[in-house]
Every structure is written in C-alpha cells, then in structure tokens.
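Encoded as structure tokens, the structure appears first; notes follow it.
In our numbering, the protein residues as written are 1138 to 1581.
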C-alpha cells in the first residue's frame, strides 16, 4: 500500500515537472518570436500591467542614433541609444538583448547603464541609458531591428515585470573618399595619429643612430603605432607590408600585432602596434619604403594623409657574406689561378730541360740589342742550315765560311759597328742575311 502511494506521488511529481517545462518553453518561444520581429514603427510592450503603465506615461522608452557627422561614412562609429524611464524606481537589473546588424560590427552591450534622474511635467523619473556601438563595414542602407529589454518597475506595493521593445531604425553609410578601397591603407575616426620608432642592432653592438654604416647580417627594427578615437583596433589597417621587389634585400621577421582598445570618459580609443625586424641580406644601398595611411576625419568631414618617410642605408660586406655572395666567381678564379700556375711550372720545366732554340736566342738578341749574341745566333742558324743541306744528296752548296765572309763584308753588317744600333736595324740585317743565304741555296 505504501509502495503504491509512493508511485502515485512520483507520477504526480513527474507530471508537474512536465507542465512547468512546457510553460517555460512556451514563454521563451513567445519572447524569441518578439525579438526576431523584423520591423516595428513604434515601441511595443509585452505585459498588460506594464503596457498600462507605458500608456499612462509612468514608463517611457526612447531610442535614437548618434554619430559625429551628418553623413555617416563607412567604418564610422554609430551609437544606438536606448533610454528607459519610470516615475517610481527599477526593481531589478535591466537585461538588454543582443542585436545583430548585417554587414556591421556590433560591440557587446555594456554591463552597466548610465543612471540618472529627470523631471518631466512635474514628475521625477529614474532613467537608464544603454548604448550599443556599431560600425558599418560597407556602403549602403542599414536596418537596426527592434531591441528587447526585460525590465522591472514598482507600482504601488507590487513589482511589475515585463518586456519592452524599441522601434526599428535605419541609416545610410557611404564612402566619401576614392581612397577607401581594399588596396589602400585607410581608416575612419577622429584624432588619429601615426608614429614610428627605429632601432638598429649590429652584430657587435646595439645602436639608436640611423646614419651609421651597416653590415650584412645587421638588424633593423621598425615599430609603427597607429591610433585613433571613435573606432576599434580591429578596423585599423595593416601597415608594415613589404613589396616583393625588396624581399631579396631583407629577411623579414614580423612580431605579433598588438591591439589595444580603451574607453575614457565615453570616448573609445583604439591602437594598433606593429613591429617588424629586417635582417640585411645583401650589400649595397638598401631602402625601406615610405608608409602612407589615408584618414577620413569624421568630425571635420575631411580626408587627411599620414606619411612616414622611407629610410636608406649603405650596407658593406663582411668577409663571410662576401665569400657567400661571390663563391661561384671565387671558385672559378681559383681554378684559373691553379691552371695558370701548373701551366707555368710545366713550361718552365720544359724550357729548362731542353736546349735553347737558335731562333729564340736570335729574338732575345734583337730585343736586348746585344750585337755579339746577335752574330752568334746568326752563325748558329747558318750552321744548322748548312748541316741540313750537306746531308741532302745532289745539292751543291757554298761553304759556310764563304757565306759568313760574304755577310761580314755586306753593307748591313757595317751598320752594326755604329754606337747606336736600333732593333729595326738588327731586323733589317737579319732579313738581308736570310736573303743572302737563300740565294746561296741554303734556305729551306
């Protein structure tokens, strides 16, 4: 009997849990359907008592957009302001449901509202101001759907809870400058600033100077800081891009980009810090290009340009880098030098192991203007030809002594007696002698 009663109680408890679950699911579905309503022309209240307070002016709801300029530019900060008011007080924390806008960055809603009081028509209202910040990413029309707020207010001795929804809003964004393209560095905001810091680190010591001589292997660190107000760091452009034509001059080592977002007295401040280290790879004149960033000043509706100038350095070789860069040429020169040395050694050995040629001695005598050596060489030439002829059968030849005597009596030989005898004269004497020998039948 007791077991049967326990089973009945268990069944009743399960049935009660099922009913509660179904009621919760139905309430959540109704709230989700209200949150996804696409467009509303006025604020809506989903609670009978709360709707009565709203109609009587005991609860008020205001919504509007605020931005710096009258014409909203792409990436410009737009603030959705939601103000809820009651002539009593709030009994619980207000929950603002998240809003999604196509093609826009919507920041999370702050955890705390701006609380204040205001007197309207003799009544004092407690106010909560909620701000939702968004940034349009492209030009066109933007629709902001209704935003649901769960609030609780005091009415007499009762607490009234319910959901109110803002009306739908819209705005247009455009690109006021032709430089707002994907291949350009640009940003939208106020009070922007661009600065840089250079550090040179040699292989031996560190230096802050930019005018010093660099060597291959030295490091150049470039630190660029871009900051602006009324924007977020995610929308600030990438700055330190190196053209492909310069990649052969440097080894590039970028560090992780640092992002910083702050809010001071309601003003958002964004900062992007990029640090890149360039290792000099080649000798000669190296250049790091200038950096240009276009800035659309949304406060003054003007385009401004930041320019960081280029930097140039003269880079010299180290011994190791010189060998590395010209190793093929150096290897070729080494081979040539070895070949020349070996050829010279072989030629020297050949000359030393063989007797000197008569014609070589004759050429040396003419070059040095050595008369005795010249005559001795001529005689040896004559003797060589005579011996070759006497070994040839049936050849009639004059004697060597007779030919030499004829040479001694020739007018050309008399010129050798002069104090100044030029190489041209020696050459002419040699030609005359050879012609004489040919006429005597000794020439080959």
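Backbone N, C-alpha and C define an ideal beta-carbon position, used for all residues, glycine too.
As the structure is a prediction and not an experimental result, all values here were calculated from the model.
Inter-residue spacing [alpha-carbon to alpha-carbon] between residue i and residue j
i            : j            : result
residue 1439 : residue 1353 : 44 Å
residue 1510 : residue 1464 : 50 Å
residue 1423 : residue 1505 : 56 Å
residue 1249 : residue 1421 : 60 Å
residue 1220 : residue 1323 : 34 Å
residue 1158 : residue 1299 : Because residue 1158 carries a pLDDT of 44, less than 50, the predicted location of this residue cannot be relied on, and no value is offered for it.
residue 1482 : residue 1495 : 23 Å
residue 1290 : residue 1234 : 18 Å
residue 1256 : residue 1262 : 6 Å
residue 1487 : residue 1466 : 31 Å
residue 1286 : residue 1405 : 25 Å
residue 1373 : residue 1408 : 8 Å
residue 1306 : residue 1419 : 59 Å
residue 1206 : residue 1386 : 45 Å
residue 1267 : residue 1304 : 15 Å
residue 1568 : residue 1498 : 16 Å
residue 1170 : residue 1208 : Note that residue 1170 scores a pLDDT of 36, beneath 50, so its modelled location is shaky; the value from the coordinates is reported in the next line. Their backbone Cα atoms lie some 34 Å apart in a straight line.
residue 1450 : residue 1425 : 9 Å
residue 1565 : residue 1507 : 15 Å
residue 1562 : residue 1572 : 15 Å
residue 1222 : residue 1283 : 18 Å
residue 1472 : residue 1462 : 18 Å
residue 1579 : residue 1484 : Residue confidence is low: residue 1579 scores 46 on pLDDT, short of 50, so the model does not pin down where it sits. No coordinate-derived value is stated.
residue 1529 : residue 1520 : Unreliable positioning characterises residue 1529 in this predicted model, as indicated by a pLDDT of 43, which lies under 50. A coordinate reading is not provided.
residue 1448 : residue 1325 : 28 Å
residue 1188 : residue 1398 : 40 Å
residue 1585 : residue 1479 : Nothing about residue 1585 can be reported from this structure: the residues present for the chain run from 1138 to 1581 only.
residue 1527 : residue 1513 : No answer about residue 1527 holds up, because its pLDDT of 43 lies below 50 and its placement is not dependable.
residue 1490 : residue 1500 : 20 Å
residue 1192 : residue 1313 : 43 Å
residue 1332 : residue 1384 : 24 Å
residue 1247 : residue 1400 : 12 Å
N-terminal and C-terminal residue of the alpha helix (DSSP H) that residue i is part of
i            : result
residue 1501 : 1495-1505
residue 1188 : 1185-1193
Reference residue i; option with closest CA among the options
i            : options                   : result
residue 1294 : 1225, 1277 and 1258       : 1225
residue 1281 : 1292, 1246, 1253 and 1236 : 1236
residue 1265 : 1567, 1568 and 1218       : 1218
residue 1359 : 1336, 1380 and 1370       : 1336
residue 1411 : 1388, 1361 and 1448       : 1361
residue 1204 : 1477, 1223, 1222 and 1366 : 1366
residue 1214 : 1195, 1196 and 1243       : 1243
residue 1402 : 1251, 1196 and 1209       : 1251
residue 1339 : 1333, 1304 and 1351       : 1351
residue 1379 : 1192, 1330 and 1389       : 1389
residue 1258 : 1195, 1227, 1230 and 1331 : 1195
residue 1320 : 1507, 1474 and 1430       : 1430
residue 1238 : 1253, 1308 and 1191       : 1308
residue 1441 : 1398, 1317, 1501 and 1477 : 1317
residue 1197 : 1558, 1245 and 1260       : 1260
residue 1245 : 1469, 1455, 1227 and 1216 : 1216
residue 1455 : 1355, 1518 and 1469       : 1355
Residue i - containing beta strand (DSSP E), residue span
i            : result
residue 1331 : 1323-1338
residue 1299 : 1295-1302
residue 1350 : First-last for residue 1350: undefined, no H or E at that position.
residue 1307 : 1306-1311
residue 1358 : 1356-1366
residue 1453 : 1448-1453
Residue j beta carbon less than 8 Å from that of residue i
i            : j            : result
residue 1415 : residue 1357 : yes
residue 1428 : residue 1376 : yes
residue 1515 : residue 1570 : yes
residue 1327 : residue 1436 : yes
residue 1271 : residue 1241 : yes
residue 1211 : residue 1292 : no
residue 1297 : residue 1186 : yes
residue 1443 : residue 1433 : no
residue 1370 : residue 1396 : yes
residue 1273 : residue 1315 : no
residue 1413 : residue 1446 : no
residue 1288 : residue 1231 : yes
Discussion item. Suppose only complete runs of 3+ residues qualify. What are the beta strand (DSSP E) ranges in the segment 1231-1293, listed by chain order?
Written reply: 1241-1243, 1251-1257, 1260-1273, 1277-1281 and 1285-1292
Discussion item. Runs of 4 residues minimum, wholly inside the segment 1368-1438: which ones carry the alpha helix (DSSP H) assignment?
Written reply: For the alpha helix (DSSP H) assignment, the segment 1368-1438 encloses no uninterrupted run of at least 4 residues.
Fill in: Contained beta strand (DSSP E) runs [length at least 3] in the segment 1195-1226, N- to C-terminal order
For the segment 1195-1226, the full-length beta strand (DSSP E) segments reaching 3 residues or more read 1196-1204 and 1215-1223 along the chain.
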